[in-house]
């Protein structure tokens, strides 16, 4: 079936460290892929997306590349800030007309000064 | 700025009460969703709707119902609240073109 697996948290980094949060998916066809971010006490916000293989989504210094061959969409940032502390969710929209997103369980990131 | 608005940020209700959680979107979106979020379990889909007066069960519909009488409003109803329904509830909407969901800020419900 359709699923998303992302790396277990929590992740704790120092400011200016490099961030990678791994995400892999199981789906048929060519799903669209998303990263959402949830800041403390808030709902989820779309961070970036990619709709076809080899697309790179980017926003606020975060990047993720749609890798069809490895069914992955890993989130990266070269230099994290304290304000990046949040929970990050990977998600995909299965192809085939379904409008329902399938979410990973989320990865909590804490960035210390 | 486009918005999904959930009527309450925090709610405290008693066991057995009927609880209404309201969600309104101003983007003319066709699709609306209700999720609950619990530590370690991520987001779980309760119900969703593709159109007015239309609803479909998600992964965990038991103990919940929904109402969508107007395109912009999607209500989640807890018929008889129980303590295991204490959770964060998130509403989302999406439209044609697949730009993903827009989420509300969430309602943290505590059932005592």
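Residue numbers (the working numbering), protein chains in the order written: chain A, 12 to 124; chain B, 7 to 118.
Backbone N, C-alpha and C define an ideal beta-carbon position, used for all residues, glycine too.
Keep in mind the model is a prediction, meaning the values are calculated, not measured.
Taking 8 angstroms as the cut-off between beta carbons, the residues of the stretch 47 to 60 of chain B near chain A are 47, 48, 49, 51, 54, 56, in sequence order. When C-alpha distances from residue 110/B are compared across 102/B, 96/B, 88/B, the shortest belongs to 96/B.
Around the CB of residue 43/A, 16 or more other CB atoms lie within 10 Å, so the residue is classed as buried.
Pairing residue 23/A with residue 50/A, the inter-Cα distance amounts to about 15 angstroms. Cβ-Cβ distances below 6 angstroms link residue 62/B to 54 in the same chain, with the five nearest sequence neighbours on each side left out; the list follows chain order. Pairing residue 87/A with residue 70/A, the inter-Cα distance amounts to about 11 angstroms. For residue 39/B, the enclosing beta strand (DSSP E) starts and ends at 37 to 44. DSSP places residue 90/B outside any beta strand (DSSP E), giving it a letter other than H or E. Within chain A, no residue has its CB atom less than 9 angstroms from the CB of residue 81/B, the nearest being about 17 angstroms off. In the structure shown, residue 93/A falls within a helical segment according to DSSP collapsed to helix, strand and coil. The CB of residue 45/A comes closer than 8 angstroms to the CB of 106 in chain B, given here in chain order. Close partners of residue 68/A in chain B (Cβ separation under 8 angstroms) are lacking, with about 11 angstroms as the shortest Cβ gap. In this structure, the straight-line span from the alpha carbon of residue 58/B to that of residue 82/B is close to 14 angstroms.
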